[in-house]
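Whatever position you read off the sequence shown (first residue = 1), add 30 for the numbering used here. Glycine is no exception: its CB is placed at the ideal position from the N, C-alpha and C atoms. To start, the structure under review is shown below, and the notes come after it.
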Amino acid sequence: MLAGPDACRCIECGLPYRAEGFSYHQGKIENGAAYWSDRGIMCSPRCSLAHHRKREAEGTLPQTPAPDPFEIQPLNHR
Ligand SMILES: [Zn+2]
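And the structure:
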């Protein structure tokens, strides 16, 4: 897991992991967060996209493609 113990909350909105509304991989909490980056985890597609856009604006997007394909990949292929 990329995220350390201190990163177990959404890095965009601060929602704690295991909180209601957090998206898990395949919907199972034991599978980990559904969305993450090299900086931490995100609770939802909305926060994942918000994080991606923030990183894009900063010019600090990771060199490797983000593992979340749903919202992010179309932006990478622009
Ligand atoms: Zn969030």
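Check: Selection from 70, 57 and 61 that minimises the alpha carbon distance to residue 42; Outcome: 70
Check: Residues proximal to ligand 1 by C-beta, any heavy atom closer than 6 Å; Outcome: 40, 42, 43, 45, 72, 73, 74 and 77
Check: Residues near residue 39 in its chain [Cβ-Cβ closer than 7 Å; skip 5 each side]; Outcome: 45, 46 and 47
Check: Opening and closing residue of the beta strand (DSSP E) in which residue 67 lies; Outcome: 65 to 67
Check: Simplified DSSP assignment, three categories, for residue 73; Outcome: coil
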